[in-house]
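Chemist: The opening residue of the sequence shown carries number 50 in this note's numbering; numbering runs sequentially from there. The structure that follows is given in the form of structure tokens.
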Amino acid sequence: MNVDLSHLRKDFPIFERRIGDHPNHFLDSAASSQKPIQVLEAMDRFARTNYANVHRGAYRLSVEATEAYEAARRRAASFIDASSPDEVVLCRGATTALNMVAHGWGGEHLRPGDRILLTLMEHHANVVPWQMVARRTGARLDHVPLTDEYHLDLEALERMLDDDVKVVAVTGMSNVLGTIPPIDRVVEAAHSVGAVTVVDGAQLVPHLGVNVRTLGADFVAFSAHKMLGPTGIGVLWGKMERLEEMEPFEGGGEMISDVQLHHATWAAIPHRFEAGTPPIIEAVGLTAALDYLDEVGMDNVAAHDRELTAYALSRLAEIPDVTVYGPPTVEGRGGVISFTLGDVHPHDLATILDERGVSVRAGHHCAKPLMRNLGVPATARASFYLYNTLEDVDALVDGLERAAALFGT
Ligand code: PMP
50 MNVDLSHLRK DFPIFERRIG DHPNHFLDSA ASSQKPIQVL EAMDRFARTN YANVHRGAYR
110 LSVEATEAYE AARRRAASFI DASSPDEVVL CRGATTALNM VAHGWGGEHL RPGDRILLTL
170 MEHHANVVPW QMVARRTGAR LDHVPLTDEY HLDLEALERM LDDDVKVVAV TGMSNVLGTI
230 PPIDRVVEAA HSVGAVTVVD GAQLVPHLGV NVRTLGADFV AFSAHKMLGP TGIGVLWGKM
290 ERLEEMEPFE GGGEMISDVQ LHHATWAAIP HRFEAGTPPI IEAVGLTAAL DYLDEVGMDN
350 VAAHDRELTA YALSRLAEIP DVTVYGPPTV EGRGGVISFT LGDVHPHDLA TILDERGVSV
410 RAGHHCAKPL MRNLGVPATA RASFYLYNTL EDVDALVDGL ERAAALFGT
């Protein structure tokens, strides 16, 4: 299905800005997405007319702010089809959400000899918290390998599962390879040995959406800033029975029922996981971002990503010396394309592309274990979102051809 979303570009003020003499070919949405005017205006309007701290005041502004904050929770719940808004914990972003699960669930339930299964393609946000918890609890980490075509090796996963595996934590879409593992099969296999499943949805949710009820996982984490919303807010969704098994990771105001001199009791779920003043204006931005995405339709967002990815893969294949690290076709992958050009350093590539208005990221993309496995210290990475066009891909390819000529690859 081809969908034309080019009319949406006008909603994004950043595209009025030129980069030097060139149009703004922004190809770094996997790091953070641009924001439509609807999100910017919703936050601005709220800050000007309704702002106050939440959950404390009996006065009108605070009641309104509390209602707006809780509306964001309900909106996030409906976006992912959660059974109840109480299953939605609002937090700083995917990193905080994954730390909450690792420390709050893992720290409580893991014992020496237990195993935590990760994959080789995890972002550091789904690696380091588990390393910390493994060190604290005596649990062991193992990593599911990839196939030669950069898909998750499901057979290896099944072989690695046994009764000692208590957690399987996997990315919903790799921020380096674009790989989209079949989460339903991962969840089914993990649940067959009684393991809890954690999905790092930082890339998956913005691009394909997610229905947490059909997905079947126990926890899903994602960030608003990668899906048209502001920085500083994200979601940890958990099944209610799992959230009930989780200890708060942070203590402070708002998360308590009572505080004595020597102990405290917790507020109800989800508030016990939201210590301190929450991101209130950002919650309003999250609501507006999810409204915008639903208006466009996540099926259309996914189809548009697929079209751009297919086009980019075929155009990149025309350039000798380009190596793409990721599945070779759009099957089982999303719109994140990592590549190298001969032995040109990815930072040099990014600089040359920038001179033509093309923004790509270069580096290890917070996935050092994966980069070591790929045998490269760094790649350049182009990533797409609903405002990108075929012209953006053409500008990328033109820039790479120029770099190839310059460096004589
Ligand atoms: N997981 C993946 C796959 C990501 O791409 C990112 C962001 N680069 C994160 C986790 C962390 O997200 P955040 O920085 O918003 O907490």
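Don't be surprised by glycine CBs; every beta carbon is placed ideally from N, CA and C.
Suppose the cutoff is 6 Å on Cβ atoms and the five residues either side in sequence are ignored; what does the same chain contact list for residue 335 look like?
Modeler: Taking the sequence shown and counting its residues from 1, the one referred to as residue 335 is at position 286. So the list reads 121, 273, 278 and 282, once near-sequence residues are dropped.
Chemist: To test your reading of the DSSP string, which unbroken alpha helix (DSSP H) runs of 4 or more residues are found completely within the region 75-138?
Modeler: Counting whole runs of 4 or more residues, the region 75-138 contains the alpha helix (DSSP H) stretches 86-98 and 109-128.
Chemist: For the ligand PMP, is there a heavy atom less than 8 Å away from the beta-carbon of residue 246?
Modeler: Taking the first residue of the sequence shown as 1, we reach residue 246 at position 197. Flag unset: Cβ of residue 246 not near the ligand PMP.
Chemist: Excluding the 5 residues preceding and the 5 following residue 26 in the sequence, name in chain order all residues of the same chain whose CB lies nearer than 7 Å to its CB.
Modeler: The structure shown does not extend to residue 26, since the chain spans only 50 to 458, so no value can be given for it.
Chemist: Would you call the region 124-142 in contact with the region 326-344, where contact means no fewer than 3 C-beta pairs closer than 8 Å?
Modeler: Touching, yes, given that three or more Cβ pairs across the two stretches are closer than 8 Å.
Chemist: Helix, strand or coil: how does DSSP classify residue 411 here?
Modeler: If you number the sequence shown from 1, residue 411 lands on position 362. In the structure shown, residue 411 sits in a strand (DSSP, three-state: E or B).
Chemist: Take the Cβ of residue 63 as the centre, count every other Cβ of all protein chains shown within 10 Å, and call the residue buried at 16 or more, exposed below.
Modeler: To locate residue 63, count along the sequence shown from 1; it is residue 14. So residue 63 counts as exposed.
Chemist: Can you determine whether any heavy atom of the ligand PMP sits closer than 8 Å to the C-beta of residue 275, and answer yes or no?
Modeler: For the purposes of this step, residue 275 is taken as the residue at position 226 of the sequence shown. The answer is yes for residue 275.
Chemist: Please look up how many angstroms separate the CB atoms of residue 368 and residue 450, rounded, as I've assumed it's under 8 Å.
Modeler: By 1-based counting over the sequence shown, the position of residue 368 is 319. By 1-based counting over the sequence shown, the position of residue 450 is 401. Contact holds; Cβ gap of about 6 Å.
Chemist: Examine the ligand PMP and report whether any of its heavy atoms sits within less than 8 Å of the Cβ of residue 147.
Modeler: As a position in the sequence shown, residue 147 is number 98, starting the count at 1. Yes, Cβ of residue 147 sits closer than 8 Å to a heavy atom of the ligand PMP.
Chemist: Quick one, which of 179, 136 and 161 has its alpha-carbon nearest residue 461's?
Modeler: The question about residue 461 has no answer here: the residues shown for the chain are numbered 50 through 458.
Chemist: Given 8 Å as the limit, tell me if residue 141 has its C-beta closer than that to any heavy atom belonging to the ligand PMP.
Modeler: For the purposes of this step, residue 141 is taken as the residue at position 92 of the sequence shown. Yes, the Cβ of residue 141 comes within 8 Å of a heavy atom of the ligand PMP.
Chemist: Shorter than 8 Å, the distance from the beta carbon of residue 77 to the closest heavy atom of the ligand PMP, or not?
Modeler: Here the question's residue 77 lines up with position 28 in the sequence shown. Residue 77: no, Cβ never under 8 Å from the ligand PMP.
Chemist: Buried or exposed: where does residue 84 fall if 16 or more other Cβ atoms within 10 Å of its Cβ makes it buried?
Modeler: Residue numbering aside, residue 84 sits at position 35 when the sequence shown is read from its first letter. Looking at its Cβ environment, which holds 16 or more other Cβ atoms inside 10 Å, residue 84 is buried.
Chemist: Where does residue 268 fall in DSSP's three states?
Modeler: The count along the sequence shown starts at 1 and reaches residue 268 at position 219. The answer is strand: DSSP assigns residue 268 an E or B state.
Chemist: Taking the CB atoms as reference points, tell me whether residue 431 and residue 419 lie closer together than 9 Å.
Modeler: Start at 1 with the first residue of the sequence shown, and residue 431 comes out as number 382. Start at 1 with the first residue of the sequence shown, and residue 419 comes out as number 370. Not in contact: residue 431 and residue 419 (Cβ atoms no closer than 9 Å).
Chemist: Counting pairs of beta carbons, one from the region 184-191 and one from the region 145-164, are three or more of them closer than 8 Å?
Modeler: Short answer: they touch.
Chemist: Beta-carbon within less than 7 Å of residue 452's beta-carbon, same chain only, minus the 5 sequence neighbours each way: which residues are those?
Modeler: As a first step, residue 452 must be located in the sequence shown, where it is residue number 403. Within the same chain, residue 452 has close Cβ partners 390, 393, 398 and 401.
Chemist: Could you tell me whether any non-hydrogen atom of the ligand PMP is closer than 8 Å to the CB of residue 172?
Modeler: For the purposes of this step, residue 172 is identified with residue 123 of the sequence shown, where counting begins at 1. Answer for residue 172: yes, Cβ within range of the ligand PMP.
Chemist: Using DSSP with H/G/I as helix, E/B as strand and the rest coil, what is residue 307?
Modeler: Along the sequence shown, one-based indexing puts residue 307 at 258. Three-state result, residue 307: strand.
Chemist: So for residue 228, helix, strand or coil by DSSP?
Modeler: As a working mapping, residue 228 is identified with position 179 in the sequence shown. DSSP places residue 228 in strand when its eight states are reduced to three.
Chemist: Give the straight-line distance between the Cα atoms of residue 327 and residue 377, rounded to the nearest whole angstrom.
Modeler: By one-based count along the sequence shown, residue 327 stands at place 278. By one-based count along the sequence shown, residue 377 stands at place 328. Looking at the two C-alpha atoms, the distance is approximately 42 Å.
Chemist: Just reading off the alpha helix (DSSP H) that residue 185 is part of, what are its end residues?
Modeler: Along the sequence shown, read from residue 1 onward, the residue named residue 185 stands at position 136. Where residue 185 is concerned, the enclosing alpha helix (DSSP H) stretches over 177-186.
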